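Yeah, the sequence shown ends on 508 if you go by my numbering, and it's all consecutive.
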Amino acid sequence: MARLFEEFDGLLLDLDGTLYRGPQVVPHAVDVLHHVGSTRLLYVTNNASRSASDVAEHLVELGFAAACEDVITSAQSAARLVSSLVPPGSKVLVVGTEAFADEIRKANLVPVTRFDEGPDAVVQGHSPDTGWALLAEAALAIRSGAVWVAANLDATLPTERGLLPGNGSMVAAVRTATDAEPYVAGKPGDQIFKDAIERASLSTPLVVGDRLDTDIAGARAAGLPSFYVMTGVSQPLDVLRAGPDMRPDYIAADLRGLGEPAEQLRPGPQEGWDVFWDGPNVVITATDSANADGAAALRAVASTLWSVTAPETATRILVRGARAAQLLRAWSVDSGVSHGGGGALSVSVEADD
């Protein structure tokens with residue numbers, strides 16, 4: 156039976172939450188990616204604040220094999236997208252870092268920072284130095300008809316201190332001020348994946364990531380298969396609440412899943428786990444042979460839940476037996492805790508011994 160990575164000619168890898176968390180490498184990530192044979196590795200990041208060379212250098216420092224040409228940033232995709240929307244030599248107001256402005260120059264466009272310079276387009280990416288004054292210049296340009304391209308719509312930015320406002324939060328401010336909607340170059344749009352596929356001439360790529368709203372949704376938008384890992388932002392209960400446009404094709408605890416049989420990673424019945432629908436409950440029991448990493452349980456429950464109920468339907472998960480309750484700690488879910496979200500959908504977990 157083919158291992159997951161063997162079914163694809165390229166892996167489109169997310170970074171933060173998938174390969175590393177802050178300054179720490181996700182356990183097993185480096186070793187796994189050193190053993191994927193000839194499968195092409197491309198690092199696809201929504202980060203528009205750093206150059207591809209800086210990203211590659213950081214990955215190498217962490218132990219990954221990466222070159223500049225292996226990195227696709229949302230700034231690169233934004234520059235390519237805006238260059239298809241305005242003539243060569245056009246002025247583009249850049250809300251972002253100097254690295255973003257460099258990508259605009261490489262696209263044969265002229266970066267500017269003021270509305271009175273007559274920009275034909277606005278590109279917006281994250282920079283910790285972005286303030287009201289620059290957002291105001293962008294709003295004036297957009298209201299005057301400038302094309303608007305956002306590098307990404309990430310509402311939050313993971314840091315060691317916690318989640319901070321991301322580019323999507325800044326985009327929301329400009330959207331409110333202009334009543335306009337931007338083109339989106341990065342995830343969950345499909346442009347960044349199209350750019351990655353074209354660069355490496357891939358025919359069967361797999362998107363790998365930890366965020367449902369960017370990595371998995373972007374894969375869906377691009378018509379690509381996706382592999383979700385439980386090491387980052389989106390948690391197992393988020394997967395269960397996900398609508399069809401954010402449901403992964405494969406699920407594993409971490410990147411070691413790339414070396415497991417592909418069919419075993421698809422949502423569906425799992426050895427050792429008994430999951431059935433007893434509306435409005437999903438009932439879970441486990442035998443001693445049940446996989447303890449929590450991913451097998453997630454695959455089994457997701458398959459059952461997705462097949463019988465819409466995401467907005469209130470659902471209760473009943474965990475019966477100490478073995479099942481113990482294994483579900485891998486989901487970071489405690490017995491008796493109620494979890495809300497996803498509109499009307501609410502999921503709770505109980506130990507029923």
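For each residue, glycine too, the CB sits at the ideal point set by N, CA and C.
Model, not experiment: these values are computed from the prediction.
- Task: Determine, using beta-carbon pairs with one atom in the stretch 450–458 and one in the stretch 389–403, whether at least three such pairs fall under 8 Å.
- Result: yes
The alpha helix (DSSP H) spanning Ile472 covers which residue range? No alpha helix (DSSP H) holds Ile472; the beta strand (DSSP E) holding it covers 471–475.
In three-state terms, what does DSSP make of Asp433? Strand.
Quiz item: Between which two residues does the beta strand (DSSP E) containing Ser229 stretch?
Solution: Unbroken run through Ser229 is the alpha helix (DSSP H), 229–238; no beta strand (DSSP E).
- Query: Are the stretch 320–336 and the stretch 293–311 in contact at 8 Å, needing three or more beta carbon pairs?
  - Reply: yes
Report task. Kindly give me the distance between the Cβ atoms of Asn263 and Pro243, rounded to whole angstroms, as I take these residues to be in contact under 8 Å. Result -> 5 Å
Pick helix, strand or coil for Ala310, following the three-state DSSP scheme.
coil
(message) What does the Cβ neighbour count give for Val215, buried or exposed, with the cut at 16 atoms within 10 Å?
(response) exposed
Worksheet item: Would DSSP call Lys261 helix, strand or coil?
Response: Reduced to three states, the DSSP call for Lys261 is helix.
- prompt: Could you give the distance in angstroms between the alpha-carbon of Arg260 and the alpha-carbon of Arg205?
  reply: Those two C-alpha atoms are separated by around 15 Å.
Note to self: Just verifying my parser: in three-state terms, what is the DSSP assignment at Ala222?
What the structure shows: coil
What is the residue span of the beta strand (DSSP E) that Pro360 lies within?
-> Looking at the DSSP string, the run of the beta strand (DSSP E) that includes Pro360 is 360–364.
When the Cβ atoms of the stretch 379–387 are set against those of the stretch 427–447, are three or more pairs found closer than 8 Å?
-> no
- Of the residues Leu410, Met401, Thr333, which one's Cα is nearest the Cα of Val363? Leu410
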